[in-house]
Structure formats: structure tokens, C-alpha cells
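>
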Amino acid sequence: MPDQFALPALHRLQQPDSGHHPLGAESPRRPEFRWKRTTREDRKGESAAPPIPGSAAENLGSPLNRIDLKSGYDQNSDRRDFIKKMMKFGWENYKKYAWGSNELKPISRTGHSASIFGNGETGASIVDALDTLHIMGLMDEYEDARQWIAMNLDFTKTSGDLSVFETNIRFIGGLLSAYGLTNDTMYVDKAKAIANLLMPAFETPTGIPLALVNVQRKTASNWNWASGGASILSEFGTLQLEFDYLSNITKNSIYSDKMARIREVLQSIQKVDGLYPNYLNPKTGKWGQHHVSVGALGDSFYEYLLKSWLISDHRDVQAKQMYDEAIDALEKKLLFKSEQNQLWYFAEKKGSRIEHKMDHLACFVVGMFAIQSKNEKNPEKSKHFLELAEKIADTCHESYIRTETHIGPESFRFTRDAEAVAVSNREKYYILRPEVVEGWFYMWRITKNQKYRDWCWDAAVSVEQYCRTDGGYSGIRNVYTKSVSHDDVQQSFLFAEWLKYMYLVFSEDDVVPLDKWVFNTEAHPFPVRFSSADASLN
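The structure is reproduced here in C-alpha cells:
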């Protein structure tokens, strides 16, 4: 890339004293949030979400008049209710056509299961939707989900290889979040049973877990495409919140001990220029291919360092130190501004080469930096990271509004001829990813700038118009054309993340307040300070 791509004038500030800086008031044992119970009786006569003119939803035969949502839904309460109706539409179609399957194929109207789930009906959409249903007050739907989990969720019946990472963030995370919201110990029993089945992954010389577990064979392996048989940074680095919480609830340190070992290994390994490559050999403890990214393969590792500090009520200073050092290195080496309009973005490093590409996934850093800024004691450091969050939020927004659909692509590039746009057909798709609206949700909560709510609503209108089909919501193959082609998958994280963040951005701040709850990377909220002895959840 040209030398004109220069780092912004951002420099790491002096760290504040690393001693304990408590937030102040003690958090309650069970943080409260507000929701309104909605029953089937309440919903008699309530219609499905109205379609947008020209959308696939017009074919649904809705009894409501067709409304242009851009002008017809001006109040936040109206927008929140519409998101709730979207949730019900996606859920009801999943229940009708794919109940018990991991996901829904909305056009084929049948069940779907990606390879990450192994072979079996483990209801990923049910578990991922559980806390969202509860938060939205959809209690009849929630009770249906709870009953299925109690009666049918059994990972011992699965065959093939399970992704340790995906099983953790979706299933263990979803179940533990439901426990945090309800105090229902059935969820703990289910989460513990699943975590125990993942234990073979940790049987390596270093304690760095492998990526896949075969439950029937009780064996573990790594992805065959991974560099040199390596484990993936974002996968083994995105277990701590769930495993620490499970240890606290069960009073069994086996899960948190696994996390302590991972952190010990990471601290002991030399990092060139302070950067964490995406590949680590679990046998030798040495880095593999030197690929560094805050997008795919790296992303949530950084998120969990910060959130380990946040969920401990700022007591896990080791995690915060590791986070500060890692982000400092990323800013120095991979933070750039585009030539055309000075859009800020994080590039990727592949060996000695810089690739000026940012993933939709990488837009999660907006929320990460925003919540960091809220919790920094040093005013200058807080200001710095809020500015960084604002700048990258703008960049991610540009990736959306530069498409015909106003939905962002999987990846977007920065060259002399391109700015915040996909240049390859392999990068133009959208699979209902939530990271961009996740960032805008945090920015709304922290800045109260109305544009973030407006951006979220624009994205909601676009998803309703282009991703809704007669049988549910689907990803699309090319965001740059209004004549969309659907991929026929309603991802489970539509329920867990996209719809939850959208609902919360139009809700009051005391609905899952950020000083009481920390979201895992699948947007499942856990209560703050679960790990301290004086704030036991039992």
C-alpha cells in the first residue's frame, strides 16, 4: 500500500496507577432490569410487523396497511415495538419450520445446521434467543424455549466435531445468561454438562485448547485449515467470561483453572512489537503464521481482556494491563486513515505486509472502545478512546451507506481507488451480522448522540426490507444491489445479538444497564462482580 497511509496522531497515554479503583457503590446480588410481560392473551389481535413497500414482506398478507418505516415510526417506543415484532416473526417461523434444529432455512422452510454444531438437533436458536425473549418480556415464547431446553437439550447425543468456541459463546453463554436473569438452576446444570464435554480440548502440553471436540470419541483436534496445526487466538481467548462464571456458580475451580493457565501461557510468550498473532501452536506454545487482525480470528480475544476487567468491577488488573498493552500495539502498527476522507480503520498484518481491509466483525471495536472510555479513570485516556470509538463508528457507518441496500458488506477495503467498500464478490455478502449495530448501541448509551439511534433504525429498515422472506430472515449475497439473492439461513445470532442490541438501543438505559451487566461476545449478559467472594450469586 502507498506510504501516504499514515497513522493518526494517537499515542498511548501514561497509565494511571494500577491500584484498585472501585466504581464506588456495591452492585446488588441480582442486578435488576425492566421488562413488560407480554402474554398470548395480551397479543390477541396484534398483527405481524408491517412490511415496507417493495420488500419481500409484502407477500406475507399482513392485515396492516403498508407503511414506510422511515417516516412512519418516529418514536423510540414505536421502533422498539417494531423490533420486538421482528423478533416474534423470526421466532415463530423458526418454531414452525425448524423447532429443535440449530437454525432455520427460511426459504426452504426447514432446519439448518452449520458444521460448527456437529451433527445433532441442539437448538442453537432456542438457547441463543432465550435471554432476548426474557428481556423483551415475551414470556410465553420464553417458557416454550425453557421447556425445550429442560426436556431436550443433550449434547451427549451429538456426533461429529463441535466448535469449542461456538459451543461456549452460544450455548454455555446463553444458558448462564438465562441463569443470571432468572436464578433458575436448571440452566446451570445444562451449562455444566456441556462444559464437561469440552474438557478434552484442554488436554494439550500447554493448556491452550484445541478448536474441536468429538463428544462420542472424547477426542479433540484443530481445524485442518489452521496454520501449522495451530489454535486460533479469538477462539481460545474467548472462553474466560463463561468459564469463570461457571466456576463461581458451581463452586468448582476446574473451569477457571483452565482459563488461568491460558493467561499464564499468553503472558509468558514474547510478542513481536507487542502484537498477538492469530495462530498459536498448542503443543509448543509458539506463534504460528504472523497474521494479526482485530477482525476474524483475532477480534473477541481483545474484547474478553477488557470485559474480564469490567466484570470483576475493575479488580482483574492483570487482564486490563494485557489489554492496554495489546491495544497500544494495535494502534501503533495497524491504525490508519484513508486517503480520500480520512476515515479511521484497523488494517490487518500478514507477515511484513499490511492489508488495508477491515471486516464487518472488526466493527465490534467501536463498542469495546466506547465502554472502555466510560470506565477509564484518566480523563485524557477516556477522551482518547471515545474519539477512537467515534471515528471508527463513522467508518463502519460509511460501509453501510455506500451500498444500495444500506447494509454493510462482510469486508471493506481502503485503496487509492476504493474507500470503505468491498472490492471482491467474496466480500459483498451479509449474514445478519450484529457488530456494527452493537457498536452504535454502545455509542448511544454512552454519548446520547441521536445519530446512533437513527443509524440503527436505518439498518433495521434495511434488514426488514431486504432480508425478510415469507419464512423468516435470511442473509443476502450482495449488499450492493437491491435485487437481492438470499442465502437461506436465519443465523441464531440474529436472536442473540442483532435483535437484542436493536431492542436495547430504543429502550431506556435501565433495561440491562451497562454498570450492572457485561455482554459476552454473543450478547449474552452476565452480572458484574460475579467472581468476587462478597458478591456471590448463591
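Using full-length UniProt numbering, the letters of the sequence shown correspond one by one to residues 1 to 538. Note that the Cβ used here is the ideal one computed from N, Cα and C, for glycine as well. Since we're looking at a predicted model, the values are computed, not measured.
Three or more C-beta pairs under 8 Å: does that hold for the segment 279-288 against the segment 200-211?
yes
> Can you tell me which of the three DSSP states residue 527 falls into?
If DSSP states are grouped into helix, strand and coil, residue 527 belongs with the strands.
> Does the segment 314-321 come within contact of the segment 334-347, defined as at least 3 CB pairs closer than 8 Å?
Verdict: no, contact absent.
> Measuring CA to CA, which of 484, 458, 451 and 452 is closest to residue 466?
484
> Kindly list the residues whose CB is nearer than 8 Å to the CB of residue 349, restricted to its own chain and excluding five residues on each side of it in sequence; keep chain order.
275, 290, 291, 292, 293, 333, 334 and 355
> Evaluate residue 222 with the Cβ neighbour count: other Cβ atoms within 10 Å of its Cβ, from every protein chain shown; 16 or more gives buried, anything less gives exposed.
buried
> Using a threshold of 9 Å, state whether the C-beta atoms of residue 551 and residue 399 are closer than that.
The first residue shown for the chain is 1 and the last is 538, placing residue 551 beyond what the model contains.
> For residue 335, name the three-state secondary structure that DSSP assigns.
strand
> Taking 8 Å as the threshold, find out whether the segment 374-393 comes into contact with the segment 401-417 through three or more Cβ pairs.
Proximity of the segment 374-393 to the segment 401-417 falls short of the contact definition, fewer than three beta-carbon pairs being nearer than 8 Å.
> May I have the straight-line CA-CA distance separating residue 383 from residue 331, to the nearest angstrom?
15 Å
> Assuming residue 87 and residue 138 are in contact, meaning their beta carbons sit under 8 Å apart, how far apart are those beta carbons, in whole angstroms?
7 Å
> Would the segment 193-205 count as touching the segment 264-273 if we require 3 or more Cβ pairs under 8 Å?
no
> Helix, strand or coil: which one does DSSP assign to residue 179?
helix
> So the alpha helix (DSSP H) residue 93 belongs to, where does it begin and stop?
76-98
> Count Cβ pairs between the segment 509-524 and the segment 90-103 that sit closer than 8 Å; are there 3 or more?
At 8 Å Cβ cutoff, the stretches do not touch.
> By the three-class DSSP mapping on this structure, what secondary structure does residue 519 have?
Residue 519 falls in the strand class under three-state DSSP.
> Whose CA, out of 91, 528, 85 and 111, lies closest to the CA of residue 144?
91
> Relative to the ligand NAD, is the shortest distance from any of its heavy atoms to the C-beta of residue 344 smaller than 8 Å?
Only the bare structure without any ligand can be found here, which leaves the ligand NAD out of the picture.
> What residues match up with residue 134 in a beta bridge as DSSP calls it?
BP columns for residue 134 are empty, so no partner.
> With DSSP collapsed to three states, give me the class of residue 174.
helix
> CA-CA distance, residue 113 and residue 524?
21 Å
> Given that a residue counts as buried once 16 or more other Cβ atoms are within 10 Å of its Cβ, and exposed if not, what is residue 440?
Burial call: buried.
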